[in-house]
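Its first residue numbered 1, the sequence shown is counted upward by one per residue in full-length UniProt numbering.
First up is the structure itself, then whatever we jot down about it.
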Amino acid sequence: MEEDIGKRALSNCGPSSLDPHKRAKQSIKVYSQEVSQALSSLLQQLQFISSTGVSKSDATQELEMALTLQKQVNSVVQQATTNVRLAEDDSCLRHEDMWTNQIFPFLGMGHFAFVAPVSHKMKDLYSAYCGAVENPPKSNDYHMDTDTLEKVSITSTDTLLEAVFSSLSRAEYWYRHRSTGSNCTGSGGQIDGARVCAAAARAGCIEAIQWAHNKGFDWDEATCSDAAKNGHVQILQFAYDHGCPWDENTCHKAAENGHLECLKFADEHGCTWDEDTCSNAARNGHLKILRYAHENGCPWDAGTCRNAARNGHLKILRYAHENGCPWDQWTCTQAAVNGHLACLKYAHENGCPWHGNTIAAAAENGHLEILRYAHEKGCVWGNDTCINAARNGHLQVLKYAHANGCPWNELTCSLAAYNGHLECLKYAHENGCPWDEDTCRSAARNGHLEILRYAHENGCPLDRNTCSRAAMNGHLKCLKYAHEKGCPWNELACTNAERGGHLETMKYLHENGCPGSEHFPVMW
């Protein structure tokens, strides 16, 4: 962190003419305002990396930040503890929510010896927190050592496990202090060797993977594929040399992430590959990978061109086509759906087929230039074009399509209503697009009162399903409007409201005599 929060907080804990009680309150105030904010930010980052895949460097950086911040937290709390003891006061617990919801979760379980001496109240608060945690982490799970042997508890996700095996010293420390019941050890202490080896392969630490192998940990194909995914050719070579199995996923991952040396090594040593190797390279724009794979006999299919077009990789698309890679109508559709006009033009001008899905895909995502080009070049369109435009609120696309003779039907209005696109609904209705009861049903189902009102006031019919759909999702305002405008209802409205647990809706149905409401239990 750019600012040393701990140092700034400690500057408020030095000698002063203030009595210890006030000094304690002052230090805790600084702690509350600065460290709490930093903890919240860090916790969000840790939650992010625990739920998504990140690189070894990112995970390690977050953990180092955690270590630095914990050192500062320890220093601040220990100094504040001294002041509090002098005052024999529990003023540091003025912000119990901060301790319970932020600091204790950050420190984790197993730090009782550090926390308890602060005060009796602190000890009781920490004890209560530990007792309330469901499925608490083991205090020795996945610790990482540092030069000063201070420990930072980290969660047992694969991403953070990767950080544990990013160095030999950390791996050895984890091995000595691991606990049973963690994600890598069973009740008898046995280790999930395949998971350990895969984590070491992702981390790219050759010493760690050698250590794991020498310990006799089992490994599987994931070790090679994870090494290839992250470009660790030395790890891949070690695993291969020592009999680790691999499969086509090794080539898939190397190609997907642009690691040519890993792909070469795998290919030269007999690893299998298939069409997905080329399509993965095309998806992410790795031309050198694609060229190597093709020139060395890797098969490809239309998926290569589709993936290139979908992500706008024109050079990839051109190379594949010029070298005989097949394509089909979905190549144009994939280019259209993501707005890649250059890819669409190249494909069409070089004989790639297209169909109505090409224009419909452009309309779905509002790509007017794509739609105009395809239409002007003779690509057919159908009802789906206007339906997709209205469903996603692309008014200009809807206007262009209608002005140029594209057909539409009742679904254009009902899907505009379903997703709350009033301007699209108005345009369609004012220009002669048909509608039916489903327009009002759709508006009521999703609570779009303004759309329901517009449709009804302009002659769109209501039926009993309008009320039942409103009741289904608890949209009381829509239900009231429909009922007050004479919309019929039946037992289905009550069934839907009760099934969804919409108490206020049930109450309204009961008070207004909807059939079936007489069976409601009295809950109000």
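Where is the CB? At the ideal position from N, CA and C, for every residue including glycine.
Keep in mind the model is a prediction, meaning the values are calculated, not measured.
Distance between residue j and residue i (C-alpha atoms, nearest Å)
{"i": "residue 24", "j": "residue 174", "result": "Interpretation of residue 24 is limited by its pLDDT of 49, a score under 50 that renders its predicted location unreliable; no figure is taken from the coordinates."}
{"i": "residue 196", "j": "residue 278", "result": "30 Å"}
{"i": "residue 545", "j": "residue 471", "result": "It is not possible to answer for residue 545, since the shown part of the chain is limited to 1 through 524."}
{"i": "residue 458", "j": "residue 411", "result": "17 Å"}
{"i": "residue 417", "j": "residue 440", "result": "7 Å"}
{"i": "residue 318", "j": "residue 298", "result": "18 Å"}
{"i": "residue 176", "j": "residue 99", "result": "31 Å"}
{"i": "residue 324", "j": "residue 352", "result": "13 Å"}
{"i": "residue 425", "j": "residue 266", "result": "56 Å"}
{"i": "residue 289", "j": "residue 316", "result": "10 Å"}
{"i": "residue 343", "j": "residue 246", "result": "35 Å"}
{"i": "residue 244", "j": "residue 372", "result": "54 Å"}
{"i": "residue 258", "j": "residue 215", "result": "32 Å"}
{"i": "residue 233", "j": "residue 388", "result": "47 Å"}
{"i": "residue 361", "j": "residue 295", "result": "34 Å"}
{"i": "residue 103", "j": "residue 210", "result": "37 Å"}
{"i": "residue 347", "j": "residue 381", "result": "18 Å"}
{"i": "residue 420", "j": "residue 126", "result": "49 Å"}
{"i": "residue 369", "j": "residue 456", "result": "35 Å"}
{"i": "residue 121", "j": "residue 500", "result": "44 Å"}
{"i": "residue 490", "j": "residue 480", "result": "14 Å"}
{"i": "residue 334", "j": "residue 398", "result": "21 Å"}
{"i": "residue 358", "j": "residue 453", "result": "35 Å"}
{"i": "residue 253", "j": "residue 429", "result": "51 Å"}
{"i": "residue 345", "j": "residue 169", "result": "56 Å"}
Selection from the options that minimises the alpha carbon distance to residue i
{"i": "residue 340", "options": "306, 246, 376 and 254", "result": "306"}
{"i": "residue 249", "options": "231, 261, 268 and 273", "result": "273"}
{"i": "residue 446", "options": "463, 434, 415 and 424", "result": "415"}
{"i": "residue 485", "options": "376, 460 and 474", "result": "460"}
{"i": "residue 292", "options": "264, 497, 391 and 230", "result": "264"}
{"i": "residue 162", "options": "204, 406 and 192", "result": "204"}
{"i": "residue 206", "options": "396, 313, 165 and 100", "result": "165"}
{"i": "residue 192", "options": "211, 210, 217 and 169", "result": "217"}
{"i": "residue 409", "options": "393, 432, 394 and 399", "result": "432"}
{"i": "residue 350", "options": "338, 359, 314 and 369", "result": "314"}
Supposed close pair residue i, residue j - CB separation, criterion 8 Å
{"i": "residue 167", "j": "residue 208", "result": "7 Å"}
{"i": "residue 336", "j": "residue 374", "result": "7 Å"}
{"i": "residue 321", "j": "residue 330", "result": "That pair is no contact at about 14 Å."}
{"i": "residue 286", "j": "residue 242", "result": "The pair is not a contact, with the Cβ atoms about 29 Å apart (cut-off 8 Å)."}
{"i": "residue 406", "j": "residue 435", "result": "With a Cβ gap of about 17 Å, residue 406 and residue 435 do not count as contacting."}
{"i": "residue 384", "j": "residue 356", "result": "7 Å"}
{"i": "residue 465", "j": "residue 504", "result": "Contact doesn't hold; Cβ gap of about 21 Å is too wide."}
{"i": "residue 303", "j": "residue 275", "result": "6 Å"}
{"i": "residue 338", "j": "residue 312", "result": "7 Å"}
Sub-7 Å separation of residue i and residue j beta-carbons
{"i": "residue 487", "j": "residue 514", "result": "no"}
{"i": "residue 401", "j": "residue 386", "result": "yes"}
{"i": "residue 236", "j": "residue 224", "result": "yes"}
{"i": "residue 449", "j": "residue 478", "result": "yes"}
{"i": "residue 227", "j": "residue 255", "result": "no"}
{"i": "residue 492", "j": "residue 468", "result": "yes"}
{"i": "residue 502", "j": "residue 474", "result": "yes"}
{"i": "residue 354", "j": "residue 332", "result": "yes"}
{"i": "residue 194", "j": "residue 220", "result": "yes"}
{"i": "residue 231", "j": "residue 271", "result": "no"}
{"i": "residue 451", "j": "residue 422", "result": "yes"}
{"i": "residue 462", "j": "residue 443", "result": "no"}
Exposure label - residue i; buried when at least 16 CB within 10 Å
{"i": "residue 91", "result": "With a pLDDT of only 49 at residue 91, under 50, the local geometry of the prediction cannot be trusted, and the value read off the model is given with reservation. That one is buried."}
{"i": "residue 199", "result": "buried"}
{"i": "residue 124", "result": "exposed"}
{"i": "residue 97", "result": "exposed"}
{"i": "residue 364", "result": "buried"}
{"i": "residue 391", "result": "buried"}
{"i": "residue 396", "result": "exposed"}
{"i": "residue 310", "result": "buried"}
{"i": "residue 506", "result": "buried"}
{"i": "residue 404", "result": "exposed"}
{"i": "residue 558", "result": "Coverage of the chain is limited to positions 1 through 524, which leaves residue 558 absent and any answer about it impossible."}
{"i": "residue 498", "result": "buried"}
{"i": "residue 496", "result": "buried"}
{"i": "residue 377", "result": "exposed"}
{"i": "residue 528", "result": "With the chain covering only 1 through 524, there is no way to say anything about residue 528."}
{"i": "residue 128", "result": "exposed"}
{"i": "residue 512", "result": "exposed"}
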